[in-house]
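Engineer: Structure below; questions to follow.
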Amino acid sequence: MWRCACKAQQGDKNQPTVVRLVGDIRNRLKPTIPLNFTGNVVLPVLTPTCRFGDILSNPLSFSAQKIREAIETSTSEHVRAALDHAENLQHVDSLREVLDYAENLQHVDSLRYGNREGFYYGNPNLAIGSMIGIPLYDVDFGWGKPVYYDPGNMGIQDGNH
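Heads up: the sequence shown is residues 0 to 160, going by numbering that gives the first Met the number 0.
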């Protein structure tokens with residue numbers, strides 16, 4: 000997907016690009032969070048910053064390795080540090096700083112939300128999440144298991160709603 004996005008954008012080969020991955024961290028914490036915990040247990044991580052041209056000119060394994068590196072940063076220590084950061088936030092509206100925390104871990108301080116150097120400015124940047132393995136059809140709130148589940152569509156494209 001990352002390579003396809005870079006190719007479709009036909010941008011400058013020096014354009015910085017990252018992939019933001021959001022994954023379930025229940026099994027990353029020690030001790031693990033029980034499966035019956037109700038709530039979002041996700042944490043974003045970023046790939047190392049690459050250049051548009053690097054993604055397109057290298058073999059697919061190059062991009063795959065960068066994604067693997069991002070996933071491997073989700074250690075128990077990383078998750079605990081992010082939770083500590085979130086607990087110390089002064090204001091609820093500052094929760095978006097948790098996302099900034101992931102950026103700071105990856106040393107991409109120059110990529111900020113909301114300005115011309117913003118995280119989504121000058122795509123090709125991707126945000127990828129997965130619901131594989133989440134037992135959505137096993138949830139029962141007392142009236143039986145779901146017949147159908149649809150996560151909905153946030154309608155975000157190129158950083159716009």
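Even glycine gets a Cβ: it sits at the ideal position worked out from N, Cα and C.
So what does DSSP say about Pro15, is it helix, strand or coil?
Structural biologist: Of the three classes helix, strand and coil, the one that applies to Pro15 here is strand, per DSSP.
Engineer: Put Gly165 into one of helix, strand or coil per three-state DSSP.
Structural biologist: Here the chain comprises residues numbered 0 to 160, so residue 165 is not present and cannot be evaluated.
Engineer: If you draw a straight line from the C-alpha of Gln14 to the C-alpha of Ser56, how long is it?
Structural biologist: The alpha-carbon atoms of Gln14 and Ser56 are separated by roughly 13 Å.
Engineer: Bridge partners for Gly141 per DSSP, in chain order?
Structural biologist: For Gly141, which the question treats as bridged, DSSP gives no partner whatsoever.
Engineer: Is Gly128 closer than 7 Å to Val21 when the C-beta atoms are compared?
Structural biologist: Cβ atoms of Val21 and Gly128: closer than 7 Å.
Engineer: How about Ser62 and Arg2: are their beta carbons less than 7 Å apart?
Structural biologist: It is a contact, given that the beta carbons lie within the stated cut-off.
Engineer: Which residues mark the beginning and the end of the beta strand (DSSP E) in which Gly128 is found?
Structural biologist: Residues 125-128.
Engineer: I believe Ile66 touches Val18 by the beta-carbon criterion, under 8 Å. Please report the beta-carbon distance rounded to the nearest angstrom.
Structural biologist: Right, their Cβ atoms sit about 6 Å apart.
Engineer: Mind checking who Asp83 pairs with in its DSSP beta bridge?
Structural biologist: According to DSSP, Asp83 bridges with nothing at all.
Engineer: Give me the DSSP bridge partner(s) of Asp23.
Structural biologist: Looking at the DSSP assignment, Asp23 forms a beta bridge with Val41.
Engineer: Would the stretch 5-12 count as touching the stretch 24-40 if we require 3 or more Cβ pairs under 8 Å?
Structural biologist: No: the two stretches stay apart, fewer than three of their Cβ pairs being nearer than 8 Å.
Engineer: Can you pull the DSSP bridge partners for Arg50?
Structural biologist: The partner list for Arg50 (beta bridge, DSSP) reads Pro15.
Engineer: If we ignore side chains and look at the alpha-carbon of each, how far apart do His84 and Val78 end up?
Structural biologist: Taking the straight line from one Cα to the other gives about 10 Å.
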